[in-house]
Structures are given as C-alpha cells and as structure tokens.
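Here the structure is laid out as structure tokens; the discussion comes afterwards.
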Amino acid sequence: MRLILATLIVLAGIGVALAAPKLANQTIMTYSPGHGTQVEYYDKQGGTWLWYPGNKVVLPGRWKTERGNICFGYTPNSYNPVTGHSGAGWECQPLKIFESVVVERAAGDVFGLAKRAKPPFSLTKRRTSIEALSKRLK
392 MRLILATLIV LAGIGVALAA PKLANQTIMT YSPGHGTQVE YYDKQGGTWL WYPGNKVVLP
452 GRWKTERGNI CFGYTPNSYN PVTGHSGAGW ECQPLKIFES VVVERAAGDV FGLAKRAKPP
512 FSLTKRRTSI EALSKRLK
C-alpha cells in the first residue's frame with residue numbers, strides 16, 4: 392500500500408513538472424467571461440508578460456507550477472479585478488482550471504511582450520485569435 396501511495400505521489404509530481412515545458416517560451420491566449428481575452432508570454436526562467444484588456448502597460452510578472460497548480464505573481468501595484476487579489480504575492484489556481492481557459496498558444500514571444508513597456512494596441516475583452524491580433528500589427 393505504501394508503495395502505491397509513493398508511486399502516486401511521484402506521478403502527481405511528474406504531471407506538474409511536465410506542465411512547465413508546455414508553458415515555457417510560449418505565447419498563450421486565454422479567454423474567460425470575467426477577464427475576456429488575455430495574451431501572455433511565459434519565458435523559460437519563470438518570467439511572464441501580460442497583455443490585459445484595456446491596460447496601457449504590459450504587466451511583467453512571474454509564473455511557476457507546484458502541486459498541480461499554476462501560480463502568478465505580478466507587481467506590487469497590480470490588481471486582479473475578477474478575484475480581488477492585489478499586490479505582488481502569488482495567486483494560484485489548479486492547472487486544470489487554467490488549461491480550460493487556454494484558447495490558443497504559439498511558440499515564442501509572438502508580440503514581443505517581454506521587450507515592451509506598452510502593448511502594441513489596446514486589447515478588448517472580445518474573444519479573438521493570435522492570428523487576428525497579428526494582422527493588426529501590420
């Protein structure tokens with residue numbers, strides 16, 4: 392019985408470890424009714440840059456996965472209007488919930504968010520695609 396439990400614990404850890412490579416060096420678009428469309432670049436070192444609807448800045452932050460959760464930490468003056476979380480502390484959610492709102496992903500920093508202080512243009516909450524946003528850059 393202990394061997395089975397130990398095996399399950401190891402396998403659960405592997406699942407979390409496997410999630411990180413799926414996010415690293417990816418531009419990920421999510422959509423949810425509360426936030427609308429969000430675009431975020433995740434680097435391999437745990438850095439993230441968020442393009443949020445209506446924001447006039449690209450919000451730098453951090454990301455990590457642990458125990459089946461994905462966690463985000465942003466700047467001290469940041470505020471999540473959906474959850475009410477503010478400040479630089481970590482805010483975590485189950486990876487399964489996060490994956491349920493991912494609508495598209497692309498390799499690399501498609502919009503150069505890691506090098507921008509301001510987004511390319513104002514993002515609306517309306518559901519869109521990486522391709523549609525890319526066309527607006529041209």
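Read left to right, the sequence shown gives residues 392 to 529 (the working numbering). Note that CB positions come from ideal geometry on N, CA and C, so glycine has one too. These numbers were taken from a predicted model, which means no experiment stands behind them.
(request) Per DSSP, which residues does Gly427 bridge with? Please list them. (result) What you label residue 427 is simply residue 36 of the sequence shown in a count that begins at 1. In the DSSP output, where bridge partners are listed per residue, Gly427 has Ser423.
(request) Pick out whichever of Lys529, Asn468, Ala415 and Thr428 has its Cα sitting closest to the Cα of Ser477. (result) The sequence position of residue 477 within the sequence shown is 86, counting from 1. For Ser477, the nearest C-alpha among the options comes from Asn468.
(request) Taking all protein chains shown into account, decide if Tyr432 is buried (16 or more other Cβ within 10 angstroms of its Cβ) or exposed. (result) Working through the sequence shown from its first residue, we reach residue 432 at position 41. Buried is the call here.
(message) I'd like to confirm the pairing. Which residues does DSSP put opposite Lys455 in its beta bridges?
(response) As a first step, residue 455 is located in the sequence shown; it is residue number 64 there, counting from the start. DSSP output for Lys455 lists Cys462 as bridge partner(s).
(request) Take Glu457 as the anchor and find which of Leu514, Thr439, Leu441 and Trp481 has the nearest alpha-carbon. (result) Your numbering for residue 457 matches position 66 in the sequence shown. Looking from the CA of Glu457, the closest CA among Leu514, Thr439, Leu441 and Trp481 belongs to Trp481.
(message) If contacts are defined as beta-carbon pairs under 8 Å, then Phe463 and Thr439 qualify, I think. What distance do you get, rounded to the angstrom?
(response) Taking the sequence shown and counting its residues from 1, one reaches residue 463 at position 72. Taking the sequence shown and counting its residues from 1, one reaches residue 439 at position 48. 7 Å between Cβ atoms; contact.
(request) Let me know if Pro424 comes out buried or exposed under the rule of 16 or more other beta-carbons within 10 Å of its beta-carbon. (result) For the purposes of this step, residue 424 is taken as the residue at position 33 of the sequence shown. Answer is exposed; the Cβ neighbour count stays below 16.
(message) For Thr519 and Tyr422, I'd like the C-alpha separation in whole angstroms.
(response) By one-based count along the sequence shown, residue 519 stands at place 128. By one-based count along the sequence shown, residue 422 stands at place 31. Spanning the two alpha carbons is a distance of roughly 9 Å.
(request) Please report the residue range of the alpha helix (DSSP H) in which Ala523 lies. (result) Locating residue 523 in the sequence shown gives position 132, counting from the first residue. First-last of the alpha helix (DSSP H) with Ala523: Ile521 to Leu528.
(message) Going by C-alpha to C-alpha distance, which of Arg527, Trp442 and Gln484 sits closest to Gly459?
(response) As a first step, residue 459 must be located in the sequence shown, where it is residue number 68. The residue with the shortest Cα to Cα distance from Gly459 is Gln484.
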